[in-house]
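Participant: Residue numbers (the working numbering): 951 to 1341.
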């Protein structure tokens, strides 16, 4: 979104027109919608602005739920915005630490600032992009304890502020910035701020682990089995004795696995009746060994993130499967087993083997009314195929 588009949205009647549009659907006849709006006398610029915003609002429901219906978004801002369920976790950490005034530096569209303000924490949200700051100001308007500043996060005056939260922008337009020094704010600035303020920094989950300061708490977060971020916490926001954490958010609510450091691998052993695929946050946090011991399991192979056990265990930190059949990783043998079970809908998972699941599924040509899951992996020196069913 540029300034001209934002002016159209905020013009008299612009927001009213946006709110009057029917719920956006991917199957909507956009051409007809645009034609009807133009026929009603609305300018091409306004029509383009409201139609684009309606599309973003629909897309934002996955992150913001019903709140998306009354918010404004930019394309880049929505992509990087924290999910509301996760932002609430961030805000709760500041609240528990007794921080009453937080600077959200590089606030984007204001998702984390929104969660902080909802807990009655004073929030100063800062963004150097004028349009983004204006969108954040609109989204935060219902909260009197939140204000937005159009300013550079790295030079903003933090006098009197009790804590900081940063979500550095890692893109320049469509280009992903690989060098942390080019992020806005830079990673050095974000981590350096922690020497004077309780600080939280949101990063991509795949960041080089060597960049994580040893005195910080690193918390990987997954939502509905998708790893969405790494949060790094400093000062009073970091919990004593915890340096690695995996926070799992889903239908079960929230659950967390924590440790003082990367966990040691669990022992390896023979394949049991059950196999477990750890949540991605557990894998990223390198807490697979702790999880295996917690469920009385063992590794199928030291370098492969599968856990096997002799009993069925319900855990939010892994997806469990019952092993129906163990096969050599041989196409003919697997195809025969699928045929015997009349499996036509096949999910393929793999770790430790260089196979493209989509291509391999095509080669199997599964047919039949049943569905199943196939795990391709290594067990000892052998490549194996495990036909399994979800617990």
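All C-beta atoms, glycine included, are put in the ideal place defined by N, C-alpha and C.
With residue 1205 and residue 1188 assumed to form a contact (beta carbons below 8 Å), what rounded beta-carbon distance in angstroms separates them?
Facilitator: Residue numbering aside, residue 1205 sits at position 255 when the chain shown is read from its first letter. Residue numbering aside, residue 1188 sits at position 238 when the chain shown is read from its first letter. Going by Cβ atoms, the distance from residue 1205 to residue 1188 rounds to 20 Å, so no, they are not a contact pair.
Participant: Taking only three categories from DSSP, how would you classify residue 1186?
Facilitator: Walking along the chain shown from the start, residue 1186 turns up at place 236. Here residue 1186 sits in helix by DSSP.
Participant: What is the rounded straight-line gap between the Cα of residue 1302 and the Cα of residue 1331?
Facilitator: Position 352 of the chain shown, counted from the start, is the residue given in the question as residue 1302. Position 381 of the chain shown, counted from the start, is the residue given in the question as residue 1331. If you take the alpha carbons of residue 1302 and residue 1331, they lie about 11 Å apart.
Participant: Check residue 1141 in the structure and name its three-state DSSP category.
Facilitator: Translated into the one-based positions of the chain shown, residue 1141 becomes position 191. In the structure shown, residue 1141 sits in a helix (DSSP, three-state: H, G or I).
Participant: DSSP on residue 962, reduced to helix/strand/coil?
Facilitator: Sequence index remark: in the chain shown, residue 962 carries index 12 (1-based). In the structure shown, residue 962 sits in coil (DSSP, three-state: anything other than H, G, I, E or B).
Participant: Rounded to whole angstroms, what's the CA-CA distance from residue 1221 to residue 1045? Just pull it up for me.
Facilitator: Against the chain shown, residue 1221 aligns to sequence position 271. Against the chain shown, residue 1045 aligns to sequence position 95. Whole-angstrom Cα-Cα distance: 45 Å.
Participant: So, under 8 Å CB-CB, residue 1224 and residue 1273 are touching, yes? Tell me the CB distance rounded to an integer number of Å.
Facilitator: For the purposes of this step, residue 1224 is taken as the residue at position 274 of the chain shown. For the purposes of this step, residue 1273 is taken as the residue at position 323 of the chain shown. Right, the Cβ-Cβ distance comes to about 7 Å (below 8 Å), so this counts as a contact.
Participant: Under the assumption that residue 1015 contacts residue 1034 (Cβ atoms under 8 Å), give the Cβ distance between them as a whole number of angstroms.
Facilitator: For the purposes of this step, residue 1015 is identified with residue 65 of the chain shown, where counting begins at 1. For the purposes of this step, residue 1034 is identified with residue 84 of the chain shown, where counting begins at 1. With 8 Å as the limit, residue 1015 and residue 1034 qualify as a contact, their Cβ atoms being about 6 Å apart.
Participant: Rounded to a whole number of angstroms, what is the C-alpha to C-alpha distance between residue 1323 and residue 1287?
Facilitator: Along the chain shown, one-based indexing puts residue 1323 at 373. Along the chain shown, one-based indexing puts residue 1287 at 337. Their Cα atoms are separated by approximately 12 Å.
Participant: If you check the beta carbons only, do residue 1000 and residue 968 fall under 8 Å apart?
Facilitator: Working through the chain shown from its first residue, we reach residue 1000 at position 50. Working through the chain shown from its first residue, we reach residue 968 at position 18. Cβ distance < 8 Å, so residue 1000 and residue 968 count as in contact.
Participant: Using C-beta distances below 8 Å, list every residue in its chain close to residue 1085, excluding the 5 sequence neighbours before and after it, in chain order.
Facilitator: Indexing the chain shown from 1 puts residue 1085 at position 135. For residue 1085, where only same-chain residues beyond five positions count, the Cβ hits under 8 Å are 951, 956, 1022, 1023, 1024, 1027, 1059, 1060.
Participant: For residue 1071, collect the residues of the same chain with a Cβ closer than 8 Å to its Cβ; drop the 5 residues on either side in sequence, then sort them by chain order.
Facilitator: Here residue 1071 refers to the residue found at position 121 when the chain shown is read from its first residue. Hits under 8 Å: 1041, 1044, 1045, 1049, 1050, 1051, 1052, 1095.
Participant: Report the rounded CA-to-CA distance for residue 1117 versus residue 1077, giving the unit in angstroms.
Facilitator: Numbered from its first residue, the chain shown carries residue 1117 at position 167. Numbered from its first residue, the chain shown carries residue 1077 at position 127. Looking at the two C-alpha atoms, the distance is approximately 11 Å.
Participant: DSSP on residue 1104, reduced to helix/strand/coil?
Facilitator: Counting from one through the chain shown, the residue named residue 1104 turns up at place 154. It is coil, neither helix nor strand.
Participant: Looking only at its chain, what residues have a beta carbon closer than 6 Å to the beta carbon of residue 1169, apart from the 5 residues adjacent to it on each side?
Facilitator: In the chain shown, counting from the first residue as 1, residue 1169 sits at position 219. Once the five neighbours on either side are set aside, the close Cβ partners of residue 1169 are 1181, 1195, 1197.
Participant: Quick one: which unbroken beta strand (DSSP E) runs of 3-plus residues sit fully inside the region 1238-1297? Chain order, please.
Facilitator: Counting whole runs of 3 or more residues, the region 1238-1297 contains the beta strand (DSSP E) stretches 1257-1259, 1268-1278.
Participant: Which residue's Cα is closest to the Cα of residue 1304: 1264, 1312, 1327?
Facilitator: Within the chain shown, the letter at position 354 stands for residue 1304. For residue 1304, the nearest C-alpha among the options comes from 1327.
Participant: Counting only runs that start and end within the region 969-1024, where is the beta strand (DSSP E) found for 3 or more residues in a row?
Facilitator: Complete beta strand (DSSP E) runs here, min 3: none at all.
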